Structure formats: C-alpha cells, structure tokens
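Here UniProt numbering is used: position 125 in the sequence shown is 125, and no number is missing along the way.
All C-beta atoms, glycine included, are put in the ideal place defined by N, C-alpha and C.
Quantities reported herein were computed from a predicted structural model and do not represent experimental measurements.
Take a look at the structure set out below.
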Amino acid sequence: MSESSTVFSSLIHSRRSVRKYDQAASFDHEAVARALELATLSPNSSNMQLWEFHRVINQEKRDQLAQYCMGQNAAKTANELVAFVVTPQKWKDRAEMNASQIRHAFEGREDATAKRALKYYEKLIPFVYNNDRLGIFGFARKILSALLGIKKPMVREVSKADLRVCLHKSSSLAAMTFMTAMRAEGYDTCPMEGFDSKRTKALLGLHKDAEITMIISCGKRADDGIYSERHRIANDEVIISH
Numbered sequence: 001m002s003e004s005s006t007v008f009s010s011l012i013h014s015r016r017s018v019r020k021y022d023q024a025a026s027f028d029h030e031a032v033a034r035a036l037e038l039a040t041l042s043p044n045s046s047n048m049q050l051w052e053f054h055r056v057i058n059q060e061k062r063d064q065l066a067q068y069c070m071g072q073n074a075a076k077t078a079n080e081l082v083a084f085v086v087t088p089q090k091w092k093d094r095a096e097m098n099a100s101q102i103r104h105a106f107e108g109r110e111d112a113t114a115k116r117a118l119k120y121y122e123k124l125i126p127f128v129y130n131n132d133r134l135g136i137f138g139f140a141r142k143i144l145s146a147l148l149g150i151k152k153p154m155v156r157e158v159s160k161a162d163l164r165v166c167l168h169k170s171s172s173l174a175a176m177t178f179m180t181a182m183r184a185e186g187y188d189t190c191p192m193e194g195f196d197s198k199r200t201k202a203l204l205g206l207h208k209d210a211e212i213t214m215i216i217s218c219g220k221r222a223d224d225g226i227y228s229e230r231h232r233i234a235n236d237e238v239i240i241s242h
C-alpha cells in the first residue's frame with residue numbers, strides 16, 4: 001500500500017458521524033472554505049454543477065437552523081452548518097456554459113467527436129432537463145425511452161423524478177468530498193437529513209425550485225460525541241463480483 005493510500009485509508013476510517021461537538025475547542029472557519037473549494041471539484045452529472053453550498057456561520061441563524069434540524073445535538077453544538085443544495089432552475093445557464101467550453105476546446109474542428117460533444121449540450125441536455133410542473137414532458141420521455149429500448153440499450157431514467165435523483169446524487173458526491181476534506185483538516189462532521197425543509201429554505205433564501213440534499217454540521221468531536229462503535233454488514237454480503 002502506497003503512502004498516499006495509507007493516508008486516505010486513515011481518513012476514511014477516522015471519519016465518523018459525530019453527534020456532539022466540543023464547543024470549547026478552537027475552530028477555523030477557513031477550513032470549511034478550503035474543504036468546500038475541494039467539494040466543487042467533485043464529479044457530477046454532465047458537469048452541470050447544479051449545486052450550491054450554503055454556509056451558516058452566524059450564531060443566531062445557526063441556532064435557528066439547529067431548531068429546524070429537529071434540535072439534534074449534532075446541529076446545536078456545531079461551529080458551522082453547511083447546507084448542500086441542488087439548483088435545477090439553473091440548467092439553461094449551465095448547459096450554455098458547457099457548450100461554450102466545448103466550442104472553445106474544439107475550435108476549428110468539424111469532426112464527428114466535436115459535433116457530438118456540442119450536440120450533447122445544445123440538444124440532449126435541454127431535451128432531458130426541460131420539465132413542466134406536472135411532469136408530462138418527463139412521462140413522454142419515459143415512453144420514448146422504453147420504445148427505443150426495445151431494440152437497443154437505452155437510458156431509462158429520463159423522467160422529472162429521475163432527474164431529481166440525479167441532481168441529489170451529484171450533490172451527495174460533493175458532500176462526501178467535503179466531509180473527507182474536513183477530516184483531513186482535523187475536524188469532524190455529521191450529515192443530517194432530518195430537518196424542516198420548508199423553514200430551512202426560507203431561512204436560507206433559496207429559490208422555490210431548489211432542494212436541500214442534506215445539512216452537514218462541523219466541529220471538533222466531544223469525548224462523548226460518538227454514540228457507539230462503528231458496525232458494518234459483512235463485506236461479502238455487499239461486495240459482489242461478476
């Protein structure tokens with residue numbers, strides 16, 4: 001095992017979901033900034049980067065958000081809270097951003113690869129991301145996908161609900177990068193899904209179409225901050241080779 005893999009393994013093994021932080025310990029908010037900068041480098045679907053990371057540093061807002069997190073100790077004792085948010089309403093700007101990048105990268109080229117890459121962001125992305133409130137467009141895409149899939153391999157997850165899942169998967173990848181980076185900084189985290197999304201969206205001033213993937217608390221673990229020993233299902237039950 002290389003030195004770098006040993007370091008990474010140590011980070012993963014030492015990362016725990018900490019339920020209570022030491023409020024007397026010093027905390028460097030710049031560590032959160034650095035970790036979030038690394039989170040922006042996370043892999044995401046089609047490089048659309050339809051995410052936002054909302055830092056709640058202000059004590060009054062933090063206390064309020066902790067209430068919206070159902071009063072969890074992980075939220076009440078944290079030095080900072082970070083909301084990972086998906087922003088589907090920004091898809092047109094992101095698609096154009098990527099198309100512009102493709103035009104620049106393939107400038108002067110008219111080959112099939114260049115045309116296919118540009119078509120992806122100018123045609124396919126709008127086709128998949130354009131949705132109505134009732135999800136009718138997505139339902140029509142689902143039918144089309146099923147018909148085309150009769151004779152050839154076809155992506156089946158094309159509905160409005162499927163797209164929502166896709167965006168939250170990308171946001172979750174960024175969240176994991178963030179938590180690992182925070183551990184490398186010497187701090188602890190806890191991802192939380194139990195919160196009042198309506199009140200939290202209002203507190204953060206989020207767009208009506210934005211959704212919160214999770215809220216991550218940050219701090220230094222207290223002596224009693226981890227409630228039990230880590231336990232996992234046996235590897236041979238979940239790691240399956242074909």
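Query                                                                                                                                                                              : Result
CA-CA distance, R221 and A24?                                                                                                                                                      : 11 Å
The beta strand (DSSP E) spanning H54 covers which residue range?                                                                                                                  : 51-56
Can you confirm whether the region 52-72 touches the region 104-123 when touching is taken to mean that 3 or more C-beta pairs between the two stretches lie within less than 8 Å? : no
What residues match up with S17 in a beta bridge as DSSP calls it?                                                                                                                 : T189
Considering Cα atoms alone, identify which of A35, E30, S2, S26 is closest to M176.                                                                                                : A35
What's the C-alpha gap between A161 and F195?                                                                                                                                      : 21 Å
Quick check on the DSSP output: the alpha helix (DSSP H) that includes I102 runs from which residue to which?                                                                      : 91-105
Along the chain, which unbroken stretches of the alpha helix (DSSP H) at least 4 residues long are found entirely within the region 150-189?                                       : 160-184
Which residues in the same chain have their Cβ closer than 6 Å to the Cβ of T189, if we skip the five residues on either side of it in sequence?                                   : M179, M182, I216, C218
Relative to the C-alpha of I125, which candidate in D93, D28, H29, L134 has its C-alpha closest?                                                                                   : D93
My assumption, with CB atoms under 8 Å, is that T77 sits in contact with E52. Please give the rounded CB distance.                                                                 : Not quite, the Cβ-Cβ distance comes to about 25 Å (not below 8 Å), so this is no contact.
Assuming A222 is part of the alpha helix (DSSP H), what are its boundary residues?                                                                                                 : That residue, A222, is in no alpha helix (DSSP H); it is neither H nor E in DSSP.
Output yes or no for whether 8 Å exceeds the beta carbon distance between T85 and L206.                                                                                            : The question names Thr, but residue 85 in the sequence shown is Val. Yes. Within cutoff.
Give me the residue from S197, M214, A95, R141 with the minimum Cα distance to H168.                                                                                               : M214
Reducing DSSP to helix, strand and coil, say where T213 ends up.                                                                                                                   : strand
In terms of alpha-carbon separation, which member of K20, G186, M48, C166 lies closest to M97?                                                                                     : M48
Looking only at its own chain, which residues have a Cβ that is under 7 Å from the Cβ of E137, when we skip the five neighbours before and after it?                               : For the record, residue 137 in the displayed sequence is Phe; it is not Glu. Here the set comprises N130, N131.
Which residue from I239, Q72, L81 puts its Cα closest to that of R62?                                                                                                              : L81
On a Cα-Cα basis, can you pick out the residue from S14, A83, K151 that is closest to A174?                                                                                        : A83
Are the CB atoms of E122 and A99 nearer to each other than 8 Å?                                                                                                                    : yes
So E229 is in the beta strand (DSSP E); what residue range does that whole segment cover?                                                                                          : Element bounds for E229: n/a, residue is neither H nor E.
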